[in-house]
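Notes follow once the structure below has been shown.
In my numbering, the protein residues as written are 311 to 813.
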C-alpha cells in the first residue's frame with residue numbers, strides 16, 4: 311500500500327497525492343502496468359477523502375501517467391521514462407541567466423525600425439476555409455467562429471492601468487523599447503509563467519513581439535532557413551503558408567490519440583517540430599506525458615533539433631490543473647516556448663512572446679538584436695502593470711469559470727437535441743472548442759453547404775487536413791467562446807433536421 315505524509319500548508323491535498331504518486335512512477339517504485347490501490351483503500355490508508363484520491367488519479371490520467379480499466383481500477387501507463395533516464399532539470403536560475411550579455415536590457419535609439427511583418431490575427435481561425443470570405447453567403451450563426459467573449463473584458467481595470475501608467479511612468483513611455491521588450495513586461499511574464507505554468511525562466515529569455523506570426527519569422531531567422539520544419543496535420547493551414555513564404559521546407563506529421571507521430575518526424579527528416587501540445591487545434595488532443603518525453607528524446611538525438619511549443623489556448627482547462635509544459639521538463643534546452651494574450655484577453659491586443667533557451671539568447675542578441683520591438687512601449691507598460699497587480703490572473707480565473715459554465719450549457723443543449731445514436735462528443739474538458747461527430751450519410755462538404763444555405767456556418771475536421779485527402783470525417787468544430795446562446799437552439803434544430811433526414 312502506498313504511504314505518504316502531507317503538509318496542509320503546502321497546497322491542496324489532492325495535488326500532494328498526485329505529486330507523490332507521480333514521483334514514485336518516475337523513480338520506478340511503481341512500474342508500468344502496476345495496479346494502483348483503489349480510491350477507497352488509498353483514502354483510508356492516507357486518512358483523506360475518496361474525492362481527494364479521485365482528483366489526484368484524474369490529474370495523473372490527464373497527464374498520461376495512468377489509465378483506467380472499466381470496473382478494474384487504475385494502472386500505470388507504459389512508455390514513461392524513469393527519472394534516472396531523464397537528466398535533472400537544467401533550467402538556469404535567475405542569477406545564472408544574469409550572466410548573459412546585458413545588451414538586450416539596454417535601449418538603443420539608433421535601432422533601425424525594421425519589422426518582419428505583422429499577423430492579421432493570432433487565433434487558430436477558419437478564415438482560410440471559406441466561411442469568412444466576402445463572397446460567401448451571409449451567416450446568421452457560426453458554430454466554428456474564432457470570436458471570443460468580449461462582454462466580460464475588464465475595460466474599467468484597463469482604463470485604470472492606462473491612467474496609472476501615464477501618470478507614474480511618463481519618462482519610461484518616451485524611451486525606446488529594447489529589442490526583446492521592456493524589462494517590466496518580461497519580468498511580469500516570467501512571474502506569471504512561474505506561478506501558472508511551473509516554468510523557471512529569466513526575463514532575459516523572453517522576447518516580446520506583435521503577434522505570433524512575427525515571432526515565427528524571428529525563429530526562422532534564428533534557427534535557419536536550411537532546416538526542415540514539421541507541423542501537425544490536421545492543423546493551422548496558415549502556419550504552413552508562413553513557413554513556405556519564408557522559403558523553408560515545411561512538412562506534415564500526422565496525429566494519433568497521444569499527440570504528434572514521432573515516426574512521421576523521422577520519416578520527414580525534421581529538424582524543427584512545431585507543435586500545440588496543451589490543446590491541439592483542431593483535434594483537441596493533449597499530448598500525453600510519454601509522448602512528450604519521446605519528443606524531447608527525438609530533439610536530443612541530433613544537434614540543431616528543436617521543438618517549438620505553441621501553448622496557445624492553454625489557459626482554459628476545466629478539470630484538474632494545467633498540464634506541465636514541455637519547456638518545464640526539458641533538460642537540454644531544446645524547447646522554444648510561445649504564447650499570446652490574444653485568447654486570454656482579446657485578439658486586438660497584439661502582444662505575444664516566446665521563451666528562448668539560454669544558449670539561443672546569445673545568438674538572438676548577436677544576430678537579431680538590431681530589430682526594434684514591434685510592440686509600443688505604452689502597451690507593454692500598461693500590460694505589465696495589469697499582470698503584476700494580479701488583474702490578469704483574476705481575469706483568467708473569472709473567464710475560466712464563465713467558459714466552463716457556458717461549455718456545460720452548450721453540451722446539455724446538444725444532448726437534449728440529438729438522439730444518443732446520432733452523435734458523439736469528442737472533448738477533454740480543455741480549450742474553447744470541442745468536436746461534434748455526427749452519424750449521417752452526408753459528406754462533410756454536403757453538411758456544410760446545406761447549413762450554409764440556411765445561414766449557418768460550420769467547419770469540419772477535414773477542412774484542416776493539409777494533405778487535401780477529401781476524406782469525410784463527420785467531425786465538426788464547435789468553437790463556443792463567442793457563441794450567442796440565444797441563437798444556438800435554433801441552429802441545433804436545423805442541424806438535427808439535417809441528420810434526421812440523412813441518417
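Don't be surprised by glycine CBs; every beta carbon is placed ideally from N, CA and C.
query, result
"Neighbourhood of residue 749 by C-beta, 6 Å cutoff - its chain only, sequence neighbours within 5 removed", "732"
"Residue environment, residue 584, which counts as buried when at least 16 other CB atoms sit within 10 Å", "buried"
"Rounded C-alpha distance that separates residue 427 from residue 518", "The pLDDT assigned to residue 427 is 31, lower than 50, so where the model puts this residue is not dependable; a value taken from the coordinates is nonetheless given after this. Between residue 427 and residue 518, the C-alpha separation is close to 14 Å."
"Member of 509, 720, 385 whose CA lies at the smallest distance from the CA of residue 737", "720"
"Per-residue burial, residue 606 [other beta carbons within 10 Å of its own, 16 or more giving buried]", "buried"
"Span separating the alpha-carbon of residue 578 from that of residue 521", "28 Å"
"Member of 462, 638, 469 whose CA lies at the smallest distance from the CA of residue 504", "638"
"For residue 556, the three-state DSSP class (helix, strand or coil)", "coil"
"Exposure of residue 679, with buried meaning 16 or more beta-carbon neighbours within 10 Å", "buried"
"Cβ-based burial, residue 465 [other Cβ within 10 Å; buried from 16]", "exposed"
"Which listed residue (469, 524, 580, 483) has its alpha carbon closest to that of residue 609", "580"
"CB-CB length for residue 619 against residue 587, believed under 8 Å", "6 Å"
"Cross-strand partners of residue 565 (DSSP beta bridge)", "570"
"Three-way DSSP call (helix, strand, coil) for residue 417 in this model", "The pLDDT assigned to residue 417 is 38, lower than 50, so where the model puts this residue is not dependable; a value taken from the coordinates is nonetheless given after this. Coil at residue 417, not helix or strand."
"C-beta contact flag for residue 366 and residue 314 at 8 Å", "no"
"Cβ separation of residue 746 and residue 788, assumed to be a contact under 8 Å, to the nearest whole Å", "5 Å"
"Cβ distance (whole Å) where residue 509 is taken to contact residue 542 below 8 Å", "The Cβ separation is near 22 Å, so there is no contact."
"Residues near residue 575 by beta carbon distance below 7 Å, same chain, minus five either side", "540, 563, 583, 608"
"Local Cβ density within 10 Å of residue 660, reported as buried at 16 or more and exposed below that", "buried"
"Rounded straight-line distance, which links the Cα of residue 675 to that of residue 615", "20 Å"
"CA-to-CA distance, residue 594 to residue 810, given in whole angstroms", "27 Å"
"The segment 471–478 touching the segment 660–674, judged by at least three CB pairs closer than 8 Å", "no"
"Anticipated Cβ contact below 8 Å, residue 625 with residue 654, distance rounded", "5 Å"
"Entirely enclosed beta strand (DSSP E) segments - the segment 636–665, minimum 3 residues", "645–650, 662–665"
"Helix, strand or coil at residue 436 according to DSSP, with G and I counted as helix", "Summary for residue 436: the model assigns pLDDT 48, below 50, so the residue's position carries little reliability; its value from the coordinates is reported in the next sentence. Coil at residue 436, not helix or strand."
"Classification of residue 373 by the beta-carbon crowding that lies within 10 angstroms, buried from 16 upward", "buried"
"Among 369, 349, 753, nearest to residue 311 - alpha-carbon criterion", "349"
"Rounded distance between the beta-carbons of residue 742 and residue 791, thought under 8 Å", "4 Å"
"Reference residue 647; option with closest CA among 779, 780, 507", "507"
"Span of the alpha helix (DSSP H), counted from its first residue to its last, around residue 502", "493–507"
"Proximal residues to residue 589 (C-beta, below 7 Å), its chain only, five neighbours per side dropped", "596, 623, 624, 740, 741"
"Other residues of its chain near residue 549: CB distance less than 6 Å, five sequence neighbours each side excluded", "541"
"Residue 477: first and last residue of the uninterrupted beta strand (DSSP E) it sits in", "Residue 477 -> not in any beta strand (DSSP E); alpha helix (DSSP H) instead, spanning 465–478."
"CA-to-CA distance, residue 381 to residue 347, given in whole angstroms", "13 Å"
"For residue 772, three-class secondary structure by DSSP", "helix"
"Between the CA atoms of residue 320 and residue 368 - distance to the nearest angstrom", "20 Å"
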